[in-house]
Amino acid sequence: MVTGRANRLVTTGCLTILIALITVLGVLVSWLWYRHWHDGNVNSERRDRAFASILKQARATADDTAPALGTSGTTDTDALIGVIWRHTEAP
């Protein structure tokens, strides 16, 4: 009779520990998945903002370059290089 009761207590204790372990591991895996998902979304948003910023700068440069070339009156390569140098200071 005593061994049957002890076996039941051990079995109940083991099942309780097993359920607690599964719960803790499930929470840990869920948290890791959420962090991975959230970081991916943040990186995508940053990438999109950086791309939009680059496009905005490129459009602004193109808008500045076209009138500068138009006012210079020349269409040769040296004029284009001069405009690029004036706006970007890059050879």
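If you count the sequence shown from 1, you need to add 20 to reach the numbering used here.
Here a beta-carbon is modelled for each residue, glycine too, at the ideal position from N, C-alpha and C.
Quick caveat: nothing in here was measured; it's all calculated off a predicted structure.
DSSP, reduced to helix, strand and coil, places residue 65 within a helical segment of the structure shown.
With contacts defined as CB atoms closer than 8 Å, residue 81 and residue 103 fail to qualify as a contacting pair. Apart from sequence neighbours up to five positions away, no residue of its chain approaches residue 38 with a beta-carbon distance below 6 Å. Annotation: residue 64 to residue 77 spans about 20 Å, alpha carbon to alpha carbon. In this model, residue 53 and residue 61 are separated by some 12 Å (Cα to Cα). When the Cα atoms are used, residue 27 and residue 44 turn out to be separated by approximately 25 Å.
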